[in-house]
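Here is the structure we will look at.
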Amino acid sequence: QFSQEFQLLGSFMDDRLKTVLGLYYFEEEGEDVNIVSFPVVLLHSGGSIDNGSKAIFGQATFDITDALSVTLGLRYTEDEKVFLPDQYVLDPRLSGAPPPFGFGYVPGTRMLPLEEVPTDINEVTPMVNLSYNISDAAMIYLTYSEGYKSGGYDQRVFPRTSDFKAPSFDPEFVKSYELGFKYNSDDNRLRANAALFFMDYSDLQIAVVNNSVDVVTRNAGEAEIKGLELELAFIPADNWMLEASVGYTDAEYTQLSPGAVLAGLSKDHELVNTPEWSLSAAVSYTHPFDSGASLAFRLDGSHRSEVFFDITNTDVITQDDVDLVNLSVNFQSDGAWSLGFGISNLGDEDYHVNAFQHLNPFGIAYVNPAREREWWVRVGYEF
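Just so you know, the working numbering puts the end of the sequence shown at 384, numbered straight through with nothing missing.
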């Protein structure tokens, strides 16, 4: 893997106009080969990739007045992906069983042709920002931007498709709007950030479970995500710090592609990995010693509302609300070394961070559990 970025910075009109011009280059080559075992088949899966990205970008910020400024940005990107699939049957296992479990394959049968599959996209993405300094301590801003996520191909296919080629999916596009407020008190004891956001997705990429052993990416159609974020940090007294954050998200599908409907998706389903509420709070205290050393205590907690891990919101793998508490103590010497101790997931909350289901036709579902309560010790030395 290799990447490089060059930037040329400029300042004009007595610093009222600031500019950035840049070039970006990225390339990577890799191979992902794995053995996939299912009751119906043993597969050699994966392949090799050759990905590249080139971009030229520019941004200019102009101070219209001492308080009001506007920023314009533009980026042109060329992405190219080349995938060489290498997937074939190692052991057909149930080849003689009736469908859908028997397929008549013999060892060595390829699920995808051994040939390179290219995909590319050229895209221009703009950004506009308007900011206004209400005072030396507060400012508001409004931002519009566009972005995308490249398309690609699915590497795991079983059984073999009728057209005998790698299933592909298109790029995902998003238009983002954000209205925000930032405040930092003159004595630096109170810091507040707030934002309202709206994101308009088209060709949204989703993971679809087929009635077989493969999970493929498809373009679902259109979706909207809107919400708010609030962050607060307050120093009530010397050596104390209080922090809190709130996030609210309202996400919905607005238009579905025929393929998404065939996969069982409807507008009533919730988006994957998108909790409605996210809350956090923390209190910390640092006790300084005359020697220059210090002892810091921190207690923090978080809450996350219900999360769905598949597009059809299957109950058996849905994660309910999660509440977590962590505790840590850190001693910093007056020199270069430090010693820390902490307990993560203090309440030993049982939850999972990801999940997958293949109930039809195999009756399979599994979850990736989060780490249980654990304690840790960390010794540090700076040199």
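Built from N, CA and C at the ideal position, the CB exists for glycine as well.
Subject >> PRO127 - containing beta strand (DSSP E), residue span >> reply: 118-134 is the extent of the beta strand (DSSP E) around PRO127.
Original post:
Are the Cβ atoms of LEU296 and PHE332 separated by less than 8 Å?
Top reply: Yes, the pair counts as a contact, with Cβ atoms nearer than the cut-off.
**OP:** Check PRO289 in the structure and name its three-state DSSP category.
**Re:** Secondary structure at PRO289: strand, using DSSP grouped into helix, strand and coil.
Subject >> Top-ranked residue by Cα proximity to ASP201, from PHE182, ILE226, GLY222, ALA195 >> reply: When each option's Cα is compared against that of ASP201, the closest is ILE226.
**OP:** Can you grab the Cα-Cα spacing for the pair ILE207 / LEU24, in whole Å?
**Re:** Our two residues, ILE207 and LEU24, have alpha carbons roughly 31 Å apart in a direct line.
Original post:
For PRO172 versus SER146, is the C-beta spacing smaller than 8 Å?
Top reply: Judged by their CB atoms, PRO172 and SER146 are not nearer to each other than the 8 Å cut-off.
Original post:
By a C-beta neighbour count over all protein chains shown, 10 Å radius and 16 as the cutoff for buried, is ARG372 buried or exposed?
Top reply: Its Cβ having fewer than 16 others within 10 Å, ARG372 is exposed.
Original post:
Shortest alpha-carbon distance to TYR77 belongs to which of ALA68, LEU69, PHE58, LEU113?
Top reply: Of the candidates ALA68, LEU69, PHE58, LEU113, the one whose C-alpha sits nearest the C-alpha of TYR77 is PHE58.
Original post:
Ends of the alpha helix (DSSP H) at GLY23?
Top reply: For GLY23, no alpha helix (DSSP H) run applies; the uninterrupted beta strand (DSSP E) run containing it begins and ends at 18-39, by DSSP.
Original post:
Going by other Cβ atoms of all chains shown within 10 Å of its Cβ, with 16 needed for buried, is PHE290 buried or exposed?
Top reply: Answer is exposed; the Cβ neighbour count stays below 16.
Original post:
Is the beta carbon of THR250 less than 8 Å from the beta carbon of GLY228?
Top reply: Result yes, Cβ atoms of THR250 and GLY228 sit closer than 8 Å.
Subject >> Residue range of the unbroken alpha helix (DSSP H) whose run includes VAL247 >> reply: Segment 241-257 is the beta strand (DSSP E) holding VAL247; no alpha helix (DSSP H) there.
Original post:
Whose C-beta lies closer than 6 Å to the C-beta of ALA193 among residues of the same chain, with five residues either side of it excluded?
Top reply: Taking C-beta separations shorter than 6 Å and ignoring five residues to either side along the sequence, the partners of ALA193 in its chain run TYR184, LEU233, following chain order.
**OP:** Taking only the alpha-carbon atoms, compute the straight-line gap between ALA245 and PHE235 and give it to the nearest angstrom.
**Re:** Using only the alpha carbons, I get a separation of about 9 Å.
**OP:** Output the distance between the C-alpha atoms of GLY336 and VAL378, rounded to the nearest integer angstrom.
**Re:** Going by C-alpha positions, GLY336 is about 19 Å away from VAL378.
**OP:** Report the three-state DSSP secondary structure of VAL262 (helix, strand or coil).
**Re:** In this structure, VAL262 counts as helix in the three-state DSSP scheme.
Original post:
Cβ atoms of PRO108 and LEU91: under 8 Å apart, would you say?
Top reply: Less than 8 Å separates the beta-carbon of LEU91 from that of PRO108.
Subject >> LYS268 to SER132 span [Cα, whole Å] >> reply: Annotation: LYS268 to SER132 spans about 36 Å, alpha carbon to alpha carbon.
Original post:
Between which two residues does the beta strand (DSSP E) containing SER49 stretch?
Top reply: Start and end: 42-64.
Original post:
Secondary structure at LEU1, three-state DSSP: helix, strand or coil?
Top reply: This structure cannot speak to residue 1, because the chain is shown only from 2 to 384.
Original post:
Between which two residues does the beta strand (DSSP E) harbouring TYR151 extend?
Top reply: The question names Tyr, yet the displayed sequence has Ser at residue 151. Segment: none, SER151 is in no beta strand (DSSP E) and carries neither H nor E.
Original post:
Hey, out of ILE318, THR218, ILE344, whose CA is closest to LEU328's CA?
Top reply: For LEU328, the nearest C-alpha among the options comes from ILE344.
Original post:
Quick check: the stretch 30-45 against the stretch 62-69, are there 3 or more CB pairs under 8 Å?
Top reply: The stretch 30-45, when compared against the stretch 62-69, does not touch it at the 8 Å Cβ threshold.
Subject >> Nearest candidate by alpha-carbon position, reference GLY381, set GLU124, SER339, ASP321, MET14 >> reply: The residue with the shortest Cα to Cα distance from GLY381 is SER339.
**OP:** Check whether the stretch 45-53 touches the stretch 8-18, counting contact only when three or more Cβ pairs, one atom from each stretch, lie closer than 8 Å.
**Re:** No, the stretch 45-53 does not touch the stretch 8-18.
Original post:
Is it right to say GLY364 is buried, meaning 16 or more other beta carbons lie within 10 angstroms of its own, or is it exposed?
Top reply: When all chains shown are included, GLY364 counts as exposed.
Subject >> Endpoints, beta strand (DSSP E) assigned at ILE365 >> reply: ILE365 -> beta strand (DSSP E) spans 365-370.
Original post:
Pick from LYS55, THR20, GLU307, GLU383: whose alpha carbon is nearest that of GLU29?
Top reply: With distances taken between CA atoms, GLU29 lies nearest to LYS55 out of LYS55, THR20, GLU307, GLU383.
Original post:
Which residue or residues does DSSP assign as beta-bridge partners of PHE199?
Top reply: Paired residues: TYR178, LYS227.
Original post:
Shorter than 8 Å from the beta carbon of LEU22 to some beta carbon of chain D?
Top reply: The displayed structure is made up of one protein chain only, and chain D is not part of it.
Subject >> Rounded Cβ spacing between ASP324 and GLU307 (contact assumed at less than 8 Å) >> reply: About 13 Å separates the two Cβ atoms, so there is no contact after all.
Original post:
Rounded to a whole number of angstroms, what is the C-alpha to C-alpha distance between PRO101 and GLY222?
Top reply: At PRO101, the pLDDT of 49 sits below 50, so the modelled position is not reliable; the number obtained from the coordinates is stated separately. In this model, PRO101 and GLY222 are separated by some 30 Å (Cα to Cα).
Subject >> DSSP state of VAL107 mapped onto helix, strand, coil >> reply: In the three-state scheme derived from DSSP, where H, G and I count as helix and E and B as strand, VAL107 is classed as coil.
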